[in-house]
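Q: Just dropping this structure here.
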Amino acid sequence: MFAEVIVDVAAYPIDRPFDYSVPEMFQTIIESGSRVKVPFGNRQVLGFVTALKSDTDVPLDKQKPIGELLDIEPVLTEEMLAMTKWLKRHTLCYEIDALQVMLPSALRAKYEKILRIVDSNAELPQSVQALFQGKDSVELKADESKELLSTIKKLIKDQILVLETAIKQKTAVKKVRMVQIEADVNRLKEIHENVSNQAKKQKDVIKWMIDHAGERIILADVIKNLQTSNAVLQGVLEKGAATLELEEVYRDPYADRTIDVSKKHSLTDEQHLALSEIIHSYDQHEAATFLLHGITGSGKTEVYLQAIERSLKDQKEAIVLVPEISLTPQMTNRFKERFGSLVAVLHSGLSTGEKYDEWRKIKRGEVKVVVGARSAIFAPFQNIGLIILDEEHEGTYKQDDSPRYHARDVAIWRSEYHHCPVILGSATPSLESYARAKKGNYSLLTLSKRPREQALPEVSVIDMREQLKNGNRSMFSLELADAIRLRLEKGEQMVLFLNRRGHSSFVLCRDCGTVVECPNCDISMTYHRHQERIKCHYCGEESQVPNSCPQCSSEHIRFFGTGTQKVEEEIARFFPTARVLRMDVDTTRKKGSHEHILKQFGDGKADILLGTQMIAKGLDFPNITLVGVLSADTTLHLADFRAAEKTFQLLTQVSGRAGRHDKKGEVVVQTYTPDHYAIQFAKYHDFISFYNQEMMNRKQFAYPPFTFVVLIQITHEDVLMTAEYAHKAANWLRENLSNTAEIIGPTASSISRVQNRYRYQCLIKYKKEPMLPDVLQQLIRIYRTDWLKKGILMSIDLNPSSIM
DNA sequence: AGCACGCCGACT
DNA sequence: GTCGGCGTGCTC
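Here the first sequence stands for residues 3 to 806, where the numbers follow this note's numbering.
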């Protein structure tokens, strides 16, 4: 018996199955989808069994046996193995990358180099003895000194030491120590009798145990509740009154929370219609995709909940994706309220162990609904009834490193596999999805009304050029300042939005015009006042704020551009009574801090919530009556064909935060380009007109959805090398693709250097290019066999979410 | 000769 | 990706 194994080595010639013989002892239990340890070259690596067979073409002298079978129950299902092949072809990634992305990181291997003494009689040099500290094996870390490493090398050659690779699972199943109390009361009484009266504490414990015979209690709880000590308990255990056992437990990220149960809401006519279409398709076991276009506050979530309820009735499972779940506890709570313990939650805020535990609950079928961010689309359910992508237009559904998959595509693939519907929900659908819905590839469902008929908020667009002309140089227009003041007087809450964190976006010398740039990246450093430092938002480089210009030594350096920190100060200056909460990457780094800030705001502990994009989504507080967008222009002028779409989406999303309940909402949008159609259509909440206008632009410039786009990026430490190989790539594409494919570039990327690597890119635009996968595959081969050695890095992104 | 360093090929 | 093997070229 032989197993085809994909080994955990991401390299070009390795990206195929290797055949291993299956030792007798594993033959009855091994299955495809299991993880194995295999010898590979002169080391041990982790691998995934992708197939089993009785014969192999591998010559006898090359056949090696599987070393260890790591899973009795395979971690990958047949579906996942099929999905892997598809992902590999559609994102051009290594098969091992596609396999690993389906699993929680706890199941990935951690490799350790173990140095062991084989010849214990040999005399070891002082430095090596210090390393071993009397033990016969130690972990060899890569950061040891060069001299030590070369001495070790010599000792290995002389067969005094050996180097071994150990494979460790990153995180284990959590076990808790349980006290299993003897079930036989008479036996306990007997033990109680025999304990000497000197051991009073032990006697007390045993006496208590007589009343709890046969019970199984967490050790830590026993000690705590009986006010006793571990030493006393050990004594009791020795006498046989109880035994110690390990029990598997789940880490529970929601342990300290009580969640109320909620009933279903009654539906509006529109909601009802949408739901019945979805359920109809569900009953037919159709792999249909629905685009649920519902204005903000129109009750999309209630439609999701009731559709899931339907699938739960049949014991089927549901996957719900949300953009980045830790940002919207309000959303997860709604699912927990409705479905209780049937819900698993997966998001980046969980620890490796917590994610692993949620994953196991899903795999074992202990939960039926998973609510999670992008990677939750790979949830190991076996009988899916429904898949939902909320805010389907969000860029976070596209992974921006290998495998560069889009969760929407995976969702549709899985829906075909399980013959179940997919719901894509959004107030501002992506142009791609809306175009597909109009063409009939997706079914369009519309929610145009809010359930309690609340009006959409009034949006006023303020021309900041006029403000400047009239002598208002502050960041608040008169209109916005008035609106804020009014809310403060009335005790209502507001959200202020600015898409830029930090204090000032650049530091400029007023004598020579020098802008302080990151030493590693071609981008200006952002000033952070709290730590009094400047930071690069791309590579994380930090340094002291210079006292003088690094170029001309002038002391006339000033801070320009506005970030959230500066707004916070300005609010304090203009509205001294206002209580402000700032929410951006800098204030939410700690685990649970999102929730903490939102809870404070929800409890009315602040008047103003000030933040970056992360406050645009999902917030639902009844007392918010004003949303202020301090500068609508930041996303508008990006060098990306989706800039207008992103701006429209963002404005619509933030506007939707105001007046969701009984109180009427107002939105003030400040901009230097008030006439731009993205801003104008957002003012009137008019998605359809925006769509039509934007589609005309896309058509004119041949961008998606009229074409498909592939982004190829080349990076190298040397500019000339980068440009040279970018040209090679572009030329090669021009020679090999049909002349209906347009190849743009190569051009320097808009941030031309990041982390000391120069970046060039080219863009392929095509309508129909049947040879494209092959041509790209060949380009990858040239790259991996030749260019990679010269230090060139190339990435290919099919349907990129941004071309910057 | 002894070794550091870089390049190449193999890995079932 | 990571190892060993091998050639080159430097140093004692």
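From the three backbone atoms N, C-alpha and C, an ideal C-beta is built for every residue, glycine too.
What is the residue span of the alpha helix (DSSP H) that Tyr436 lies within?
A: 433 to 441
Q: Between Val345 and the rest of its own chain, which residues show a CB-CB distance below 7 Å, the 5 nearest in sequence each way excluded?
A: Phe337, Lys338, Val369, Val371, Val373
Q: How about Arg489 and Thr627: are their beta carbons less than 8 Å apart?
A: yes
Q: Count Cβ pairs between the stretch 502 to 516 and the stretch 561 to 578 that sit closer than 8 Å; are there 3 or more?
A: yes
Q: Here's the rule I'm using: 16 or more other beta-carbon atoms within 10 Å means buried, otherwise exposed. How should Gln533 be labelled?
A: By the Cβ-count criterion, Gln533 is exposed, with fewer than 16 other Cβ atoms from all chains shown falling within 10 Å of its own Cβ.
Q: Since Pro41 sits in a beta bridge, which residues does DSSP pair it with?
A: Gln46
Q: Please list the terminal residues of the continuous alpha helix (DSSP H) segment that includes Lys363.
A: 354 to 365
Q: Do the CB positions of Ile119 and Leu163 come within less than 8 Å of each other?
A: yes
Q: At a cut of 8 Å, does the stretch 736 to 755 reach the stretch 683 to 699 through at least three beta carbon pairs?
A: no
Q: How long is the line joining the alpha carbons of Asn522 and Ile746, rounded to whole angstroms?
A: So the two alpha carbons sit approximately 27 Å from each other.
Q: Since Ile794 sits in a beta bridge, which residues does DSSP pair it with?
A: Per DSSP, none; premise fails for Ile794.
Q: Which term fits Met82, buried or exposed, when burial requires 16 or more other beta carbons within 10 angstroms of its beta carbon?
A: buried
Q: Could you name the residues of the same chain whose beta carbon sits closer than 6 Å to that of Val712, not counting the 5 residues immediately before and after it, in chain order?
A: Excluding residues within five positions, the ones whose Cβ falls inside 6 Å are Ile766, Leu800.
Q: Is the stretch 96 to 110 touching the stretch 127 to 135, taking contact as three or more C-beta pairs under 8 Å?
A: no
Q: Distance, Cα to Cα, Glu418 vs Glu288?
A: 8 Å
Q: Classify Val251: buried if its beta carbon has 16 or more other beta carbons within 10 angstroms, exposed otherwise.
A: exposed
Q: Rounded to whole angstroms, what is the Cα-Cα separation between Ser23 and Arg218?
A: Cα to Cα, the separation comes out at about 44 Å.
Q: Under the DSSP definition of a beta bridge, which residues are partnered with Tyr22?
A: Ala5
Q: Exposed or buried, which one is Asp808 when buried takes at least 16 other CB atoms within 10 Å?
A: Only positions 3 to 806 of the chain appear in this structure, which leaves residue 808 out of reach.
Q: Which two residues bound the contiguous beta strand (DSSP E) that contains Phe692?
A: Looking at the DSSP string, Phe692 is not in any beta strand (DSSP E); the run it does join, the alpha helix (DSSP H), is 689 to 702.
Q: Taking Leu246 and Val207 to be in contact with their CB atoms under 8 Å, please state how far apart those CB atoms are, rounded to whole angstroms.
A: Actually they do not touch by this definition, with Cβ atoms about 14 Å apart.
Q: CA-CA distance, Asn549 and Lys537?
A: 16 Å
Q: As a quick exercise: from Gly69, Ile68, Glu33, pick the residue whose alpha carbon is nearest that of Glu80.
A: For Glu80, the nearest C-alpha among the options comes from Glu33.
Q: So, is Lys155 buried or exposed, given that buried needs 16 or more other C-beta atoms within 10 angstroms?
A: Exposed is the call here.
Q: Check Gln853 in the structure and name its three-state DSSP category.
A: Limits of the chain in this structure are 3 at one end and 806 at the other, which puts residue 853 out of reach.
Q: In whole angstroms, what is the alpha-carbon distance linking Tyr113 and Phe134?
A: 19 Å
Q: Are there 16 or more other CB atoms within 10 angstroms of the CB of Arg615, so buried, or fewer, so exposed?
A: First, the residue type needs correcting, since residue 615 is Gln and not Arg in the sequence shown. Per the 10 Å Cβ criterion, buried.
Q: Within this structure, are the beta carbons of Asp36 and Leu71 separated by less than 8 Å?
A: It should be pointed out that residue 36 corresponds to Ser in this sequence rather than to Asp. Yes, they are a contact pair.
Q: Taking the alpha carbon of Asp10 as the point to measure from, which residue in Thr52, Thr30, Ile31, Phe4 has its own alpha carbon closest?
A: Thr52
Q: Have a look at Val777 and Tyr785 and give me their C-alpha separation to the nearest angstrom.
A: 12 Å
Q: How about Gly136 and Ile193: are their beta carbons less than 8 Å apart?
A: no
Q: Would you tell me roughly how many angstroms separate the C-alpha atoms of Ser377 and Asp403, rounded to the nearest one?
A: Here the alpha carbons of Asp403 and Ser377 stand approximately 13 Å from one another.
Q: Going by C-alpha to C-alpha distance, which of Glu519, Pro325, His687 sits closest to Ile617?
A: Pro325
Q: What separation, rounded to the nearest whole angstrom, lies between the Cα atoms of Asp285 and Lys302?
A: A straight line joining the alpha-carbon of Asp285 with that of Lys302 spans about 20 Å.
Q: Considering just the uninterrupted stretch of the beta strand (DSSP E) at Gln615, what are its terminal residues?
A: Careful: Gln615 lies outside any beta strand (DSSP E) and carries neither H nor E.
Q: Just the C-alpha distance for Gly669 and His282, rounded to the nearest angstrom, thanks.
A: Here residue 669 turns out to be Val, not Gly, going by the sequence shown. Going by the C-alpha atoms only, they are around 39 Å apart.
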